[in-house]
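Single-structure report; data block below.
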Amino acid sequence: MSNNSNNKPYPHICKAFGVYETNCYIVQTPRGELVIDPGIGSSEWVLANVKNPLAILITHGHFDHIFDTAKLHENLKSTPIYCPSEDAFMMKSDCFDTGLTPCAPSVEVPCKKGREDFSIDGICFSYLHFPGHTPGCSIVFVWGDSTQNELSNQAQKSTQNNSQNNAQNQNHTTCPKSKNARIYSGDFVFHRSIGRYDFPYSSQSDMADSLRRFRDLDFALDLGLTLDESELEEVGQIEIFPGHGESSILAYEQRNVNLWLERMD
Ligand SMILES: [Zn+2]
Numbered sequence: 000m001s002n003n004s005n006n007k008p009y010p011h012i013c014k015a016f017g018v019y020e021t022n023c024y025i026v027q028t029p030r031g032e033l034v035i036d037p038g039i040g041s042s043e044w045v046l047a048n049v050k051n052p053l054a055i056l057i058t059h060g061h062f063d064h065i066f067d068t069a070k071l072h073e074n075l076k077s078t079p080i081y082c083p084s085e086d087a088f089m090m091k092s093d094c095f096d097t098g099l100t101p102c103a104p105s106v107e108v109p110c111k112k113g114r115e116d117f118s119i120d121g122i123c124f125s126y127l128h129f130p131g132h133t134p135g136c137s138i139v140f141v142w143g144d145s146t147q148n149e150l151s152n153q154a155q156k157s158t159q160n161n162s163q164n165n166a167q168n169q170n171h172t173t174c175p176k177s178k179n180a181r182i183y184s185g186d187f188v189f190h191r192s193i194g195r196y197d198f199p200y201s202s203q204s205d206m207a208d209s210l211r212r213f214r215d216l217d218f219a220l221d222l223g224l225t226l227d228e229s230e231l232e233e234v235g236q237i238e239i240f241p242g243h244g245e246s247s248i249l250a251y252e253q254r255n256v257n258l259w260l261e262r263m264d
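For the sequence shown, numbering that gives the first Met the number 0 assigns the number 0 to the initial residue and increments by one for each residue that follows.
Written as C-alpha cells, this is what we have:
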C-alpha cells in the first residue's frame, strides 16, 4: 500500500525564521494549505506560498512560533487560527514582552492530555496534548491522502466561515486514521532532543509525564488504526517535523525518551 501514490502524507514546504530558526511549515493538501507555526518574519513567505489557506495551526504559544500570526490574520481574515487553549494567553497578550502583536485564536483546542480531531473541507488533523514545555504544548498529526475516500462518506463541516470566537467545536470530527500521517511536533520533541522545561510556565513534572506517555503510546492502537501486519511496522516510520532543526522518525524518538527521563531525575 505504501507504494500507492494516492496513499501518502501530504507534502509540505518548510522555512526557518528568526534568530531561533523556528520552522514554519506549509502543508499542501488538495483542498488548500495548513500553515504551522508562523514565526518571526514568516508572513511574507507564507502569503507568497498559499492559495487557499485552510487554517493556521499553532503547536504552542511561544512567541517565536506565533509572532507573525497577527500579520497573517490581517491578510487572511477568514482563515481560522487553532491554538491549544492553555497557551492561548500567550497569543492574546505580549506576556513575554517581545513586541508581539496580540491575536486571539479562533479555535482554542482543549488540553486534556488526549487527542482532539478536526476536519476542514475534508482535510483531517489532530492535536495531541503533551504539556511541560508549555502548559498547552501539543503535537499536530496531519492525516494523509488515504483518508479521502472515507471522508467523502462523512458529513464534514467547513470552517471557512467559522473563524470567529464561536468556532470551537463546530469542526470537531473523528478523523479516519491512517498511517499516512506526518507529525508536527513543535517544541515537544526534536531530532535527538526534547523541548526545554525551564521556561516561565514550563513544568518539569508535566514534561516527564508527557515523555512517558509519548514513549508508551502505541500509535496504531491508541489512534485506532486498523492495519495489517506489514503496515504496523510502517506506523513507527511516521516522520516527525519539529519546530527547530531537522526531521526525525517517530519510533526513533520514542526509543530515545528513556535517556531524557534519566537526566530529569
Ligand atoms: Zn517553545
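No residue lacks a Cβ here, since even glycine has one placed at the ideal position from N, Cα and C.
Query	Result
Three-state class that DSSP yields for residue 272 in the structure shown	The requested residue 272 is not part of the displayed model; the chain covers only 0 to 264.
Distance cut-off 7 Å: residue 190 Cβ against heavy atoms of ligand 1	no
6 Å CB neighbourhood of residue 250 in its chain, flanking five on each side removed	235
For ligand 1, residues whose Cβ lies under 5 Å from any non-hydrogen atom	61, 186
Test item: CB-CB of residue 123 and residue 85 under 8 Å	no
Residue environment, residue 58, which counts as buried when at least 16 other CB atoms sit within 10 Å	buried
For residue 52, the residue or residues it bridges with in DSSP	32
Whole-Å CB distance - residue 31 paired with residue 50, under 8 Å assumed	7 Å
Assigned exposure category for residue 92 - 16 Cβ within 10 Å defines buried	exposed
Within the segment 222-251, ranges of the alpha helix (DSSP H) (whole runs, at least 4 residues)	228-234
Nearest-angstrom beta carbon gap, residue 83 and residue 128 [assumed within contact, 8 Å]	7 Å
Option in 205, 177, 121, 179 with minimal Cα separation from residue 187	205
In chain order, each alpha helix (DSSP H) run of at least 4 residues that lies wholly inside the segment 170-215	203-215
Coarse secondary structure for residue 39, derived from DSSP in three states	coil
C-alpha gap between residue 182 and residue 96, whole angstroms	30 Å
Residue of 16, 125, 9, 88 minimising C-alpha distance to residue 56	125
DSSP bridge partner residues for residue 257 (one or two, in chain order)	None, per the DSSP bridge assignment.
Own chain, CB closer than 6 Å to residue 87, minus 5 neighbours either side, in chain order	104, 107
6 Å Cβ shell around residue 279 - same chain, five flanking residues per side excluded	The structure shown does not extend to residue 279, since the chain is modelled only from 0 through 264, so no value can be given for it.
For residue 133, the nearest candidate out of 142, 193, 117, 226 (CA to CA)	193
Proximity of residue 70 and residue 42 at Cβ, strictly below 8 Å	yes
Segment limits, beta strand (DSSP E) that includes residue 116	114-119
Within-8 Å CB hit, residue 94 to chain B	Reference to chain B is not applicable here, since this structure consists of a single protein chain.
CA-to-CA distance, residue 9 to residue 65, given in whole angstroms	23 Å
Neighbourhood of residue 305 by C-beta distance below 6 Å, restricted to the same chain and skipping five residues each side	The structure shown does not extend to residue 305, since the chain is modelled only from 0 to 264, so the question has no answer here.
Three-state secondary structure (DSSP) of residue 25	strand
Host beta strand (DSSP E) of residue 128 (start-end)	122-128
Option nearest residue 63 by Cα separation, candidates 98, 74, 75, 48	98
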